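What follows is one structure encoded as structure tokens, with my remarks underneath.
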Amino acid sequence: MPDDSHNQLLFIETVGCQMNVLDSELVVAALREDGYELTDQVQDADTVLFNTCSVRDHAEHKIYSQLGRLKYSKRHRPNQVIGVFGCMAQKDQELIFQRAPHVDMVVGTGQLAEIPRLVSESRRDRKRALAVSLARTGGSRDEVASSFESYDPLRDPTMRPTPFQAFVRIMIGCDKFCTYCVVPTTRGPEQSRPPSQVATEVRTLAGQGVREVTLIGQTVNSYSHVEDGRTWRLADLLELIHDTDGIERIKFVTNFPRDMDNGLLEAVRDLPKVSRYLHVPAQSGSDAVLERMKRGYTVDEYREMMGRINEIVPGCAVSSDFIVGFCGETDEDFEASVRLVQECRFKNSFIFKYSPRSGTKADERLADDVPESVKRDRNARLLDLQTRICEEDNAGFIGRTVDVLVEGPSKMAQKQRKRQLLTAPHPVPGVVLFEDDGGDVVSLEDPQTTDPVGGPIQLVGRTDCDRIVVFDGNPRLAGSLTAISVDDCTATTLIGRIVTREVQHAPVVELPVV
Ligand code: 5AD
Ligand code: SF4
């Protein structure tokens, strides 16, 4: 009989976007059903999993160097299983075994449901397991699509950003094929989930205490599903879930500029629980670059879309992504991106240096001809400009009162508590998220881990238009909508106070104390 005993401790590391955060939540939920427990100490775990990202080279590098550190760990833990799943697994496949021979399993984005079985089989049989989807050209569209199975059965509340916030996948994959992007390969064909399934999931989450849901997909506003003889778009889906009891706020990311239709904007305007916040990546302010990226719109079309957003949803915050140093980007092209940022005054922008990805059209056909130092300078310049805009626009909130959905203790409060405890446990055991260069990593913080003794602490929350607000208050406010008067700001944060009310004896009126 093979010895497949193990200590049932699971270490999982998650890199990348919200999609990955949700995937990890689901994988952990499934393994917990099998009796696994999370640990944040990799050296204690007999099961080590990496949920990976391939969007930029940087993210892959970090995973390979993490794997490198585990090279000899099986000497002490012969029954340890090391698994790599997610986008890098789908993209690199066998290459991962070649580069890191101690890895036992490589599981693509479409095979996550198989992870519990593969973990125990590879421990028992001491055989490597490779489970990935078909390549985009590996069969008919339907065959390829069904090899990327959506995986949304179980939820694990302890793995969420906070107990009150949850991601809900409404679609998988992408069919846009922007020339620089690996996602259509790693996540497969675009497929929307049935609206009834999404609505049921939102109800279940609300029943578990979730107050804010974020609908996620690579191009969420391209959502389209035929059910009950009608075609459901994102606007219809928002309306369907809007009145779910317990849900206070609904967000959705990420949007594709060309699919930002007026029906969706009117839904954002008319449905009070929907955040007035849209993430709509522009990528570049130059038509020549957008053309080489095959984004499918011109800068004027993007401007026209911004005009409609401002007209239909006044006060709506818009954020963006930009790639600098894409193949052939000249100084003039870059200046055009600078002008677009100036003009649109984004709430924030994630700015990335172009990173060639194997298997993409840009990598095959276009030269990565912008020197690294130029990419770095352009990145810094655009970031400086965006930071100035953030500061100026945040300053416009000083003196105003905003409704904030309280998430829990701020990072500062959590750090202070950690120092007090003289230990540094990660708020979500076992989940450690890298800071990526562009800052597009979702950080998981669990406010419930903080339960200070006496006195208010610094709390954090977000406004309806997704601005971060910190203020002092009781951690029990987490999950509630609270009015905050804004006194000060930084480029990233509004700083304020809870609006308190004091009852006067005579005459009987309630005055806000500000
Ligand atoms: N290089 C740099 N940035 C990229 N992105 C996607 N692919 C690449 C790449 N090859 C950026 C885009 C996208 C964000 C998630 O990552 O800006 O919107
Ligand atoms: Fe990548 Fe373009 Fe699809 Fe976004 S829309 S995931 S950038 S291919």
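In the numbering used here, the protein residues as written are 704 to 1217. The C-beta atom is built at its ideal place from N, Cα and C for all residues, glycine as well. Nothing here was measured: the structure is a model prediction, and the numbers come from that model.
Simplified DSSP assignment, three categories, for residue i
i, result
"Thr903", "helix"
"Ile1015", "helix"
"Thr717", "strand"
"Asp1175", "strand"
"Asn754", "strand"
"Glu893", "coil"
"Leu981", "strand"
"His928", "strand"
"Asp1066", "helix"
"Gln1161", "strand"
"Thr1203", "strand"
"Cys1047", "helix"
"Ile1092", "helix"
"Arg998", "coil"
"Phe1025", "strand"
"Glu740", "strand"
"Asp1190", "strand"
"Gln793", "helix"
"Phe1037", "helix"
"Phe800", "helix"
"Ala748", "coil"
"Ile1198", "strand"
"Arg858", "coil"
"Arg778", "helix"
Top-ranked residue by Cα proximity to residue i, from the options
i, options, result
"His805", "Gly811, Arg863 and Ile785", "Ile785"
"Leu979", "Glu942, Cys1019 and Arg820", "In the sequence as presented, Leu is not what sits at residue 979; that position holds Arg. If we check each option's Cα against that of Arg979, Cys1019 comes out closest."
"Met836", "Pro1074, Leu1162 and Phe851", "Reading off the sequence, residue 836 comes out as Ser, not Met. That would be Phe851, whose Cα lies nearest to the Cα of Ser836."
"Tyr664", "Pro864, Val745 and Gly1062", "Here the chain comprises residues numbered 704 to 1217, so residue 664 is not present and cannot be evaluated."
"Val923", "Glu1007, Cys877 and Leu908", "Cys877"
"Gly789", "Phe867, Lys976 and Val758", "Val758"
"Cys884", "Lys1064, Val822, Asp1087 and Arg1079", "Lys1064"
"Ala970", "Arg995, Ile1015, Ala902 and Ser1188", "Ile1015"
"Ala838", "Val1073, Lys777, Gln793 and Tyr739", "Gln793"
"Glu736", "Leu857, Arg780 and Pro1074", "Leu857"
Cut-off 7 Å between Cβ atoms - residues of its own chain near residue i, not counting five sequence neighbours on either side
i, result
"Leu1108", "Arg914, Glu915, Glu951, Arg952, Gly1164, Arg1165 and Leu1184"
"Pro1159", "Asp1175, Gly1176 and Asn1177"
"Arg998", "Cys881 and Gln986"
"Arg826", "Asp707, His709, Asn782 and Val784"
Whole-Å CB distance - residue i paired with residue j, under 8 Å assumed
i, j, result
"Gln801", "Asp749", "No, Gln801 and Asp749 are not in contact; Cβ-Cβ is about 24 Å, not under 8 Å."
"Pro887", "Ala848", "Contact flag wrong, Cβ pair sits at about 12 Å."
"Asp807", "Ala832", "7 Å"
"Leu1197", "Phe1100", "5 Å"
"Leu773", "Ile715", "With a Cβ gap of about 13 Å, Leu773 and Ile715 do not count as contacting."
"Ser930", "Pro975", "It is Glu, not Ser, that sits at residue 930 in the sequence shown. About 25 Å separates the two Cβ atoms, so there is no contact after all."
"Arg890", "Thr812", "6 Å"
"Ser843", "Ser895", "Between Ser895 and Ser843 the Cβ distance is about 19 Å, and since that is not below 8 Å, they are no contact."
"Val809", "Ile818", "Incorrect: roughly 11 Å between the Cβ atoms, too far for contact."
"Leu1043", "Val1002", "6 Å"
"Cys1047", "Thr1195", "Going by Cβ atoms, the distance from Cys1047 to Thr1195 rounds to 18 Å, so no, they are not a contact pair."
"Leu1085", "Val1027", "6 Å"
Residue i, enclosing beta strand (DSSP E) - first and last residue
i, result
"Pro1112", "Thr1104 to Pro1112"
"Glu915", "Glu915 to Ile919"
"Gly789", "Val784 to Gly789"
"Phe1055", "Ser1052 to Lys1056"
"Ile818", "That residue, Ile818, is in no beta strand (DSSP E); its alpha helix (DSSP H) goes Ile818 to Asp828."
"Arg952", "Arg952 to Val956"
"Phe870", "Gln868 to Arg872"
"Met679", "With the chain covering only 704 through 1217, there is no way to say anything about residue 679."
"Val809", "Met808 to Val810"
Cβ shell of residue i (< 6 Å), same chain only, five flanking positions each side left out
i, result
"Ser1023", "Pro984, Ala985, Phe1049 and Ser1052"
"Leu1069", "Cys1030"
"Arg719", "Per the sequence shown, the amino acid found at residue 719 is Gly instead of Arg. Around Gly719: Cys756."
"Ser987", "Leu993 and Ser1040"
"Phe880", "Pro887"
"Gly1102", "none"
"Lys954", "Thr917 and Ser978"
Beta-carbon proximity list for residue i, same chain, < 8 Å, skipping 5 on both sides
i, result
"Glu1004", "Pro960 and Arg961"
"Gln721", "Phe870, Thr917, Ile919, Val956 and Val1145"
"Asn754", "Ile715, Glu716, Thr717, Val718, Gly719, Asn723, Asp726, Ser727, Val730, Phe788 and Gly789"
"Gly949", "Ala909, Gly910, Gly912, Val913 and Arg914"
"Met963", "Asn924, Leu981, Val983, Met1008, Arg1011 and Ile1012"
"Gly1062", "Lys794, Val885 and Thr888"
"Arg995", "Thr882, Phe1029, Cys1030, Gly1031, Ala1065 and Leu1069"
Terminal residues of the alpha helix (DSSP H) in which residue i lies
i, result
"Met963", "That residue, Met963, is in no alpha helix (DSSP H); it is neither H nor E in DSSP."
"Ser836", "Neither: Ser836 is in no alpha helix (DSSP H) and is coded neither H nor E."
"Ile766", "Asp760 to Gly771"
"Ala938", "Leu937 to His945"
"Val847", "Arg844 to Ser850"
Proximity test, Cβ basis, 8 Å: residue i and chain B
i, result
"Gly1099", "The chain labelled as chain B is not found in the depicted structure, where only one protein chain is given."
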